[in-house]
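Beneath this line is the structure, given in structure tokens, with notes to follow.
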Amino acid sequence: MNRLLSDPRLLFPAALVLGGAYMLLMDSGSVFAVTDILIWVLFAASLNLLISFGGMVSFGHAAFFGLGAYGLALAIFRFNLPLPLAVAAGLITTLAGATIYGALCVRLTRIYFSMLTLACAEITFSTIFQWYDFTGGDTGLPRFVEPRLGLSAQHFGLVVLVVVLAGLLLLWRVIRSPLGLAIQAVGENPARARALGINTRAVQFAAFVVAAMMAGVAGMLMALFYGNVFPDYASLTFSIDVLIMVVLGGLHSFSGGIVGAVVYKLIDHLVSKHLMLWQMAIGVVLLMVIIFAPDGVVGIAKRLKTKLFGEARP
Amino acid sequence: MHARILTGLLMGAALALSGTAHAQSAAPVKLGVVADISGVCGPLTKSGLNGLKLAVDETNAAGGWLGRKIDTITRDSKTQPPEGAKVTQELLSVEKVDMITGPCSSAVLLSVSATAKEYGKLLWSTIGSTQRASIELGHPSFFQAQANALMEAYAAAEYAAKQPGWKKIVTIGLDYEWGHMTVEKFTERLKQRRPDVQVVKNLWPKLGETNFSSFVTAALAEKPDVVLSVTFGAATVNLVKQAKSYGFFEQTKLFTFLPVDTAIALSGDMPEGVHGFARAPFYALKGTGVKEFVEKYRKANNGEWPDDWAVLAYDAFGQVSAAVKAAKSIDTPKVMEALAANTYKGMRGDIKMRKIDGNDIAPTYVGVIGRVKDYPFPVLTNVTIIEGAQVMPSEDEVTKMRAAAAAKK
Amino acid sequence: MMLVLEGLHAGYAQGAVLHGIDLQVPEGKVVCLIGRNGAGKTSTMRAVVHDLIQIGQGRVVFDGADVTHLPAHAVIRLGIAYVPEDRRVFANLTVAENLAVPKPWRIAGGGADWTIARVVELFPQLGQFMSRKAGVLSGGQQQMLTIARSLLTNPRLLLLDEPNEGLAPVVADEVIAAINRLKAEGVSMVVSEQHLRLVNECADHIYAMDRGTIVFSGSPADLAANPDVVRKYITLAQH
Amino acid sequence: MIVVQIVNGLMEGAMLFLIASGLTLIFGVSRIVNFAHGSLYMLGAFIAHSLIQQFPPAASLPLFFAEILVAALLVALIGGLIEIVILRRIYAADELHQLIITIGVVLIVRDLVRLIWGVNDLSTPMPEALSGALRAFGMFFPAYQVTVMAIGIGVFLGLVALLRFTRFGILTRAATDDRGMVALLGINQKQIFTGVVTLGSFLAGLAGALFTPYGNINHLLDTTIIVGAFIVVVIGGMGNLYGTVAAAVAVGVIKALGLLYVPRLSMVLIFLIMAAVLVARSMGRKAANE
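Chains as they are written, first to last, in our numbering: chain V, 1 to 314; chain C, 1 to 409; chain G, 1 to 239; chain B, 1 to 290.
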């Protein structure tokens, strides 16, 4: 049973069927909430690839979320391109950003890498924020398209589900591929990887681009979901939120980013009614998790499981 | 193994989220408040919420709307547009609110407005004032209860045009939409009225700047007659305090956005003679019920004075209230119809919404800072009221602006 | 016994590297750890002072006291000093400042107390460079500085990790002379190396390591009688 | 005109230095990217505000500076407590966990400030004696800013002396080079960490307290300040006090001149410099791979 569930060939179709049923059967309110979570799941999973497997902590992952969203929105709003071409434009914009930033960032390691990603993201944010004539500046491009392309909540939710699952599957495949193994080798110990003849920079660059592209896809989904784009998509707040999700979920496992996004959004939802104290609530949870359960929610679950069902077989 | 946790969590999430969609009871009217509680807009929002609460409580005490109580459901947009869209969607689809109010920042207002449009539910704004919400992106369920930013820029220009000594102007505008639009439209209108006036320099501090000294010296270097500062809240306080130490107020004049909260924040540090424009300074209001409101408000809020945001929230609710009564319905089209048809006698005098852009034909208050014995903080004196009708873009212009925005696509 | 390791297991995040080390250092003696790169010599020393490594099973006993779970600085304060392989001088501090960091945690009494004057006497070169940044010193000078710096904590046991690695023969001679002088003063030592020089010149007892275990234990004479051990676990000396 | 702007830039540089110096010291020793530094700055500002409200210094400059100092000391105490209660538990954790925990502190402090002082903009009167401008060389020099600049220079010299000549300073620099080795010489790292974090917090609190009468304070000061402080610390070489001075002055001057010549690029400009410094670092030295 266990093995069956951890096998992607069964897991993903199962998630598709269950999720699809959920999307089609539930009321719009719940579908909206789950759609929003799914988009963050893909965003967080993409950062998780970079952090948990590549050992690269990006402070500026939202840059690509923003680039994807704006690439798509501008293609539609400024150039009246049809959706497929706009999607291509979003991907190309993200790819361009990822190539430039990635080439620069992978030259650095650890905190210097993080700081450079921060600088790159802030440059992206500032450019979007200040380029009024083109990007619409701080007020963005509200309603550049009908929210959800005019689809019903349920149908759009289904589209998001399919895209997000496909994205996750792709990330999963990347991690299991030779490239993924190289990424992990570099992430664990760059010196040893170099000694094994791996071109560490090339591998890190590849990981950076893959993660960025998935973040771009998430950004495009968000843009279409609300029919709006705003500079906030590329903001430090978004970068930090997604970083928190990954840590909250737990490092060093594929599900960390996914679980983290879900848990973060749930906490956010639960405390959102306590208007004055939601930040403190998230702060306290973060402190608790890092001090008492540094391997995150996934780690807690693993330990619980070991306790309940005995030692897990590797 | 991961998989099981994942599915479990997703299921849990679904249950938790759907659980909030409790059954509808026909009784209360639900008013969704999308408020920018955390973030730059926090202070303005807090006053606005106080004003709204006072109005809702009074209305409920008097039996509510059409015999139905009013429930407010408040959410924090965190001053982030995507979050604003998200909570609006939640309020409309899960909580099934009947109307929405609240946003402060232009960007959040626009994102909330886009979602409200989709549901055709009334959205009224009392803090956020970007004209994009009423004109370019206007829609039949949007109601702007104050002079929008464009009208305000024109009003400021009308006032400036009447100051014969103001010939050479430097502008300091926060580097975002409100700053840029106001500087641009102010200049445009002023040039029409007074071709002899020159705007010699535009300076653009970034949003969130705390050190204005370089901007002050750069402005003073031009030896202007007046400096127009399109800033609000913290930025205005920083600018005024820092300008003082350069002897700014001995060398030139300042003309800026000065709602009551900013004047209170500056208090003792506010130099006399600063020219300011505001949306609803209670001490300058000539309409009905002002004195009673101030008393009630202070009693409910530990003696705090109501600022423009509190007044506007209260006054706008009164206006909607009257429209609901007149329409005998809370349906958006009917309420909008009533808003456009009826004149409301509020604190800002007789006021009425214009149908084409859903904008109140509302005044702007402009004056000079002075001190009077009634209030422990500086107030605008010799207040000129620039009537909304005088600065509103005509219906033709609105149509043209909408067409231009559509063509720019 | 000065130091006893009992069935010690230890490792890093990536996995275990020591698999049950048993080792004893008698008071006043020099024990040599030999073995090739990656045999576990450095990890063994780190396990004693808890530097960067996590201890699993087993015990570390120093002078009769169990120190297995003490933090690094507390172990040092009991009288162990560690001179790491890569020296780790404070590059941006001057030689004098480097020497000002340690404190004589253990007051030995009498002439055994180390002072700056005495370490300079041991390594006269250091005296000339007191105000120079440690980062610009040569490898040999850095090695001397590191040993001197460690001595200023007044250790009873000194752990020297490949002190001759990468040093010119002349400088290595100087280091060996210093080791012999310390031995004469009664400091117990654990010295690791890949070659045979130190073994021949100072060792009282020898352990050979391979893949995280002890594969040989004996006196220099025992080692000489086992050419197989030498061939298998020692890199042939280049000099 | 340019001269005036450069002078302004220098004065802003002094303020930036006060904020960034503590951050760089803490980073140097603990390698923690301390997002909570901005929160401590904000606390300094609010505590100074409350003190000045409670005991108005009126014309008494000594009382005013005493209040500033008390505010900074209280922040130092809070910072020390945060180190002992929270940060100390995670020195062995990886950098990401350390970073996130400081973000947790930011979120908690921000809500605490909202609870205690509310959300309104607060302004504190400037002491009469420092509110004017000094006139020299045909230019206005605002007395308060000149004072802050003098304090900035004083703090710099004090820090240099502290780091050079005291045992605490030598240990701090040694720990900045290699904190593991410091422990291997028998020094209890925790004491150095607590000391440095307390000192850094004091500097953050001092900067915040000094800002109080100069501008408007609200619960957003933390975010407003922290990114700027990071930029200075990164350009200055992360952990390098001298570099931080140079970077603070450079950023101050570039900002002041930038608004004259490239007003619309001011935001991007500083980040471009930061990126350029980092990239140059990767090309120039191997220092990035430590």
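Where is the CB? At the ideal position from N, CA and C, for every residue including glycine.
Q: Determine, using beta carbons only, whether B:Lys286 comes closer than 8 Å to chain G.
A: With a pLDDT of 48 at B:Lys286, under the threshold of 50, the modelled position of that residue is not reliable, and no figure is offered here.
Q) How would you list, in chain order, the residues of chain B whose beta-carbon sits under 8 Å from the beta-carbon of C:Asp98? A) The premise fails here: C:Asp98 is roughly 28 Å from chain B at the closest Cβ pair, so nothing lies under 8 Å.
Q | Reference V:Leu181; option with closest CA among V:Phe32, V:Ala301, V:Ala207 | A | V:Ala207
Q) Pick from B:Asn218, B:Ser131, B:Val268: whose alpha carbon is nearest that of B:Ala59? A) B:Ser131
Q. Does the separation of the CB atoms of C:Leu266 and B:Ser123 fall below 8 Å?
A. yes
(Q) To be precise: take each residue of the segment 101-130 of chain V, compare its Cβ to all Cβ atoms of chain D, and keep it if any distance is under 8 Å. Which residues remain? (A) Absent from the structure: chain D. Protein chains present are V, C, G and B.
(Q) For C:Thr187, which residues in the same chain have their Cβ closer than 6 Å to its Cβ, ignoring the five residues on either side in sequence? (A) Val199
(Q) Tell me which residues share the same chain as B:Ile116 and place their Cβ nearer than 8 Å to its Cβ, disregarding the 5 neighbours each side in the sequence. (A) Phe46
Q | Neighbour list for G:Asn92 in chain B, Cβ cutoff strictly below 7 Å | A | Arg173, Asp177
(Q) Between which residues of its own chain and C:Ala278 is the CB-CB distance below 6 Å, once the five residues before and five after are set aside? (A) Leu258, Pro259, Asp308, Tyr365
Q. Cβ of G:Asp204 within 8 Å of Cβ of G:Thr42?
A. no
Q. For chain C, is any of its Cβ atoms less than 8 Å away from the one on B:Met15?
A. yes
(Q) On the DSSP letters alone, give me the boundaries of the beta strand (DSSP E) that G:Asp22 sits inside. (A) 15-25
Q: State yes or no: is the C-beta of G:Leu3 within less than 8 Å of the C-beta of G:Phe90?
A: no
(Q) Counting only Cβ pairs nearer than 9 Å, list the residues of chain B close to C:Pro43. (A) Gly118, Val119, Asn120, Asp121, Asn218
Q: Assign B:Phe64 to one of three DSSP states: helix, strand, or coil.
A: helix
Q) Name the chain B residues whose beta carbon is nearer than 8 Å to that of C:Asp269? A) Ser123, Pro125, Met126
Q. Can you tell me whether DSSP reads G:Ile234 as helix, strand or coil?
A. coil
Q | 8 Å Cβ cutoff, B:Phe271 in contact with chain V | A | yes
**Q.** Distance, V:Met220 Cα to B:Ile26 Cα
**A.** 39 Å
**Q.** C:Phe212 in three-state terms, based on DSSP
**A.** coil
Q) Along chain C, in chain order, which residues have C-beta atoms closer than 8 Å to that of B:Thr147? A) By Cβ distance, chain C contributes nothing, its closest Cβ being about 11 Å from B:Thr147, past 8 Å.
Q | Neighbouring residues, chain V, relative to C:Thr176 (Cβ below 7 Å) | A | Position check: residue 176 of chain C holds Tyr in this sequence, whereas Thr was assumed. Within 7 Å Cβ-Cβ: Gly137, Asp138.
Q: Kindly confirm or deny that the segment 35-50 of chain C and the segment 76-93 of chain C touch, where touching means at least three C-beta pairs closer than 8 Å.
A: yes
Q: Measure the Cβ-Cβ separation of B:Ile270 and B:Lys255 and say whether it is below 8 Å.
A: yes
Q | Proximal residues to C:Asn50 (C-beta, below 6 Å), its chain only, five neighbours per side dropped | A | Asn301, Ala310
Q.
By the DSSP assignment, the alpha helix (DSSP H) with G:Arg211 in it spans what residues?
A. Segment: none, G:Arg211 is in no alpha helix (DSSP H) and carries neither H nor E.
Q: For V:Trp131, count neighbouring Cβ atoms within 10 angstroms of its own Cβ and tell me buried if that reaches 16, exposed if not.
A: exposed
Q.
Using 8 Å for Cβ pairs, my map puts G:Val49 next to G:Ala72. What's the rounded Cβ distance?
A. 6 Å
Q) When burial is assigned at 16 or more other CB atoms within 10 Å of the CB, is G:Leu67 buried or exposed? A) At residue 67 of chain G the sequence reads Val, which differs from the Leu that was named. Classification of G:Val67: buried, given that the 10 Å Cβ count is 16 or more.
Q) Which full runs of the alpha helix (DSSP H) of 4+ residues lie inside the segment 46-100 of chain G, going along the chain? A) 72-77, 95-100
Q) Would G:Leu52 count as contacting chain B if we go by Cβ distances under 8 Å? A) yes
Q. For C:Val237, which residues in chain B fall below 8 Å Cβ to Cβ?
A. Asp121, Ser123, Gly215, Asn216
Q) Cα-Cα, which of V:Gly187, V:Thr99, V:Ser255, V:Gly157 is closest to V:Ala63? A) V:Thr99
Q. What residue does the alpha helix (DSSP H) around G:Leu157 start on, and which one ends it?
A. Here G:Leu157 belongs to no alpha helix (DSSP H); instead the beta strand (DSSP E) covers 157-161.
Q) Going by other Cβ atoms of all chains shown within 10 Å of its Cβ, with 16 needed for buried, is V:Asp133 buried or exposed? A) exposed
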